[in-house]
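Asks:
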Amino acid sequence: MSNLHRIQWIDKEIRAQRYPNCHEISSHFEISYRQASRDIEYLRYSLQAPIAYSQENQGYYYEDSAFVLPALYLSDEEKNLLSFLAEKYSTLHHPQGHRIAEIFDRLIIEREKKKAISKGPPIISLPQLQSIPCYHHIREAIQKNVKIEIEYTNKNQERRIRLVHLYQFLEKYNYFYLIAWCELKNALRIFRLDRIQSMKTTSDGFTKDNAQLQIYLHEEDPHFLALKPYTANIKISQESIPSNPPYECVQISQDIVQFQFYDSEKFIQYLLTLPSFQVQSPKWLKEKVRERFHTYWKLHE
Amino acid sequence: MQTRKEIAVEMGPCWQTYVSSAFGALRAAHYWEYDASLFMVLSGRGFPLIVEERCCASSVTVYEWNEEHFRALDRIGVFSETNTTILHPPVHSLKNLQEHAKKRIIESLLQEKPVVIWSPTSICEFGLIRGFDLEDGVYFVTSIDQKNPDPLLFENLGFASGVNILHYQILHSVQSIPMETMLQSSLEYAQKSWNQECSSHPRYRKGERGYDTWIKALKTSQFDSFGVRYLLAVYGDNRLHLASGFRQLQDFFPKRKTLKNIADLYQQVADLFAKMREIAPFSPPSIPSALLSSEAIQQLHTALEECKILESKAMQIISIQ
Chain A
85 MSNLHRIQWI DKEIRAQRYP NCHEISSHFE ISYRQASRDI EYLRYSLQAP
135 IAYSQENQGY YYEDSAFVLP ALYLSDEEKN LLSFLAEKYS TLHHPQGHRI
185 AEIFDRLIIE REKKKAISKG PPIISLPQLQ SIPCYHHIRE AIQKNVKIEI
235 EYTNKNQERR IRLVHLYQFL EKYNYFYLIA WCELKNALRI FRLDRIQSMK
285 TTSDGFTKDN AQLQIYLHEE DPHFLALKPY TANIKISQES IPSNPPYECV
335 QISQDIVQFQ FYDSEKFIQY LLTLPSFQVQ SPKWLKEKVR ERFHTYWKLH
385 E
Chain B
8 MQTRKEIAVE MGPCWQTYVS SAFGALRAAH YWEYDASLFM VLSGRGFPLI
58 VEERCCASSV TVYEWNEEHF RALDRIGVFS ETNTTILHPP VHSLKNLQEH
108 AKKRIIESLL QEKPVVIWSP TSICEFGLIR GFDLEDGVYF VTSIDQKNPD
158 PLLFENLGFA SGVNILHYQI LHSVQSIPME TMLQSSLEYA QKSWNQECSS
208 HPRYRKGERG YDTWIKALKT SQFDSFGVRY LLAVYGDNRL HLASGFRQLQ
258 DFFPKRKTLK NIADLYQQVA DLFAKMREIA PFSPPSIPSA LLSSEAIQQL
308 HTALEECKIL ESKAMQIISI Q
């Protein structure tokens, strides 16, 4: 039973003023209480339903009865937009971009078939999603070696305008970060991309101080950067060796490339975009890939 | 020397991840034959209710890990070794520290005993090391948030979540302790947790004062919404286990009629927490929580005041045990 089907049932019950609660949802669909809570959260946060809990009736109701569940229909304009975004994100040369592109593609195809989404609407973590447009602009600025002006909110919710010299991206703990020289602090700093409120590219260039960057990476903030990446040796045929891979890598023999990565799920997604590959090491990654193929195989049986 | 080992392990069904991890390790080592609720009562870990002034989610883990985790298992007759090193500021002997830990952890795993650790993955929660592979240089881990998480590199031990603390607890041996002794020790601890000041940090309060702090934060609207939802989930689940644990203890001590009264009181507290969780359900930090309406906040602090009264009554009964 899909999450979409349950959402429709909850909506129907609320409209009929039957005040469903998590116990009733879990027993009706034979799902866990926690799953039922997640359905309510999905309705509330992802679909923006004005849902509230009534103590008196021991169940949920809509504070604004004008609310309607989003229609499954997509207009041609919306389909074009999704298709454009899929194309755009697939050119980011980054696993996260590929993932978003796949999701957009899937949305278009599945809705074309007028089928409900079997595994529920995609859940994308918000910080990553907010970061993507920013990522694209910053990437361009890094290539051009120009300063940018950002409006940045720090973890203490203080918002300031900063002029920064872009050094490099960093993806850690499921967030995108940017290492940049901050003119305000006159030092290298790490900025979280989803905390950048707005940005303006300038025409001023700058010279990167790579020695300073190395010192910063190894000494200034050892805790943030302490996590070591996994290393994998991947056998790839000579003609398939990617020219611009999204991971740190080094070719260690004619057909073996050594990659560094932090998240096996994303890394395997990237490997699957290659024409062919063979994991040489580590063993645990080999097992994960094998499991993945086994799952695919079972789906096709 | 064996170069690879994996132990089948399942974490306990609890929101408090230290309890779910320790329970999983104890079961895998065949050191505990009862369920998670009895472990929650007899280890004492179900009792502490620690709340930070703004209801920060860290409240649940702000206590002295070495002492508390050692004592929790000691109450049920398990001798263990705990080790905690905060890796900030940088530890110059980090490599030696990690190497020492690795040796101890592998010894334990080879004896079929998983090891409890702080944040085996990027989530700031306790979890388990359930295996290792020397060739790949990794520990196999079990975490509350993922079915099959990526393993932990030996050199990332203590650094996985960004809250860089190397904490591990290794099980050594178990001795048979009468249930009566376990219960008595746990009830004494419950009283202390209810009455004593929280020694770890001035912003955090424990037990009865913990409730006061929580209620005050809600009344003054000075609270972290995620924290409130998380505390409701964790402490609500603890209280549900306490109710179930005390109910089971009636079978062990049929003459101690007051155990039923304690169980009933904790059940009432757990029911109130369940209602509060309907009002402020838990949602992960990646999904921004909706603002709680003033009516919802009012309902929460009224319910918490009721919980405090009910738990005070339970403590009065416990104090005369």
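So the sequences go chain by chain: A and B.
Our numbering runs 84 ahead of the 1-based position in the first sequence.
Our numbering runs 7 ahead of the 1-based position in the second sequence.
C-beta: ideal position from N, C-alpha, C; glycine also.
#1: Output the residue ranges of the alpha helix (DSSP H) runs that lie fully inside the stretch 112-162 of chain B and measure 4 residues or longer, sorted by chain position.
#2: If you compare alpha carbons, which of A/Q364, A/L356 and A/K350 is closest to A/V341?
#3: Using DSSP with H/G/I as helix, E/B as strand and the rest coil, what is B/L178?
#4: Counting only runs of 4+ residues fully inside the stretch 258-302 of chain A, write out the alpha helix (DSSP H) ranges in chain order.
#5: Is DSSP giving B/T91 helix, strand or coil here?
#6: Any idea if B/M47 is buried or exposed, counting beta-carbon neighbours within 10 angstroms, 16 or more meaning buried?
#7: In chain order, what residues of the same chain have a beta carbon less than 8 Å from the beta carbon of A/K199, not counting five sequence neighbours either side?
#8: Since I believe B/L49 is in contact with B/I83 (beta carbons under 8 Å), could you give me their beta-carbon distance rounded to a whole number of angstroms?
#9: Would you list the one or two residues that DSSP bridges to A/T315?
#10: Residue range of the alpha helix (DSSP H) that B/G252 falls in?
#11: Which residue marks the beginning of the beta strand (DSSP E) containing A/A150, and which one marks its end?
#12: If the cut-off is 9 Å on Cβ atoms, which residues from the stretch 342-358 of chain A count as contacting chain B, listed in chain order?
#13: Just curious, the beta strand (DSSP E) that B/T57 is in, first and last residue?
#14: How is the beta strand (DSSP E) around B/R11 delimited, first residue to last?
#15: Please confirm whether A/I201 has its beta-carbon closer than 8 Å to some beta-carbon of chain B.
#16: Note down, in chain order, each residue of its chain lying with its Cβ closer than 6 Å to the Cβ of A/Y314, except the 5 sequence neighbours on either side.
#17: Going by Cα to Cα distance, which pick from B/D157, B/E74, B/D278 and B/K226 is closest to B/H248?
#18: Establish whether the CB of B/D143 and some CB of chain A are separated by less than 8 Å.
#19: In the stretch 98-112 of chain A, which residues sit with their C-beta less than 8 Å from some C-beta in chain B, listed in chain order?
#20: Determine, using beta-carbon pairs with one atom in the stretch 163-174 of chain B and one in the stretch 114-133 of chain B, whether at least three such pairs fall under 8 Å.
#21: Determine, using beta carbons only, whether B/E285 comes closer than 8 Å to chain A.
#22: Got a sec? Which residues, its chain only, sit under 6 Å from A/I109 by beta carbon, not counting five neighbours each side?
#23: Would you identify the three-state DSSP class for A/Y236, choosing helix, strand or coil?
#24: Going by beta carbon distance, what residues of the same chain come within less than 6 Å of A/L268, once the five residues before and after it are set aside?
#25: I'd like to confirm the pairing. Which residues does DSSP put opposite B/L173 in its beta bridges?
#26: Determine the DSSP secondary structure at B/V276, reduced to helix, strand or coil.
#27: A/T286: which of A/F377, A/A225, A/T357 and A/E349 sits nearest, CA to CA?
#28: Identify every residue that forms a DSSP beta bridge with A/K231.
#29: Between A/P206 and B/T24, what straight-line distance do the alpha-carbon atoms span, to the nearest angstrom?
#30: Can you find a CB in chain B that lies within less than 8 Å of the CB of A/S121?
#31: Taking Cβ positions only, does A/H307 come closer than 8 Å to chain B?
#32: Quick one: what's got a C-beta closer than 6 Å to A/I60's C-beta in the same chain, skipping five residues either side?
#33: In angstroms with no decimal places, state the Cα-to-Cα distance between B/Y70 and B/C205.
#34: Are the stretch 206-215 of chain B and the stretch 90-110 of chain B in contact at 8 Å, needing three or more beta carbon pairs?
#35: To the nearest angstrom, report how far apart A/P330 and A/S321 are at their CA atoms.
#36: Buried or exposed: A/L383, going by 16 or more other Cβ atoms within 10 Å of its Cβ?
Replies: Considering the structure as presented:
#1: none
#2: A/Q364
#3: strand
#4: 294-299
#5: strand
#6: buried
#7: For A/K199, the predicted model reports a pLDDT of 35, less than 50, meaning its position is unreliable and no value from the coordinates is stated.
#8: 5 Å
#9: A/Q344
#10: S232 to F259
#11: Here A/A150 belongs to no beta strand (DSSP E), and DSSP marks it neither H nor E.
#12: Y346, D347, S348 and E349
#13: For the sequence presented, residue 57 of chain B should be read as Ile rather than Thr. Its beta strand (DSSP E) spans residues I57 to E59.
#14: R11 to E13
#15: The predicted model places A/I201 with a pLDDT of 32, which falls under 50 and marks its position as unreliable, so this point remains unresolved.
#16: F345
#17: B/D278
#18: yes
#19: N105 and C106
#20: yes
#21: yes
#22: A120
#23: strand
#24: R246
#25: B/T92
#26: helix
#27: A/A225
#28: A/H249
#29: Residue confidence is low: A/P206 scores 34 on pLDDT, short of 50, so the model does not pin down where it sits. Its coordinate-derived value is still stated next. For A/P206 and B/T24, the distance between alpha carbons rounds to 28 Å.
#30: yes
#31: Since pLDDT at A/H307 reaches only 49, below the 50 mark, its modelled position is unreliable, and no value is offered.
#32: Because chain A in this structure spans residues 85 to 385, residue 60 of chain A falls outside the shown range and cannot be described.
#33: 8 Å
#34: no
#35: 18 Å
#36: exposed
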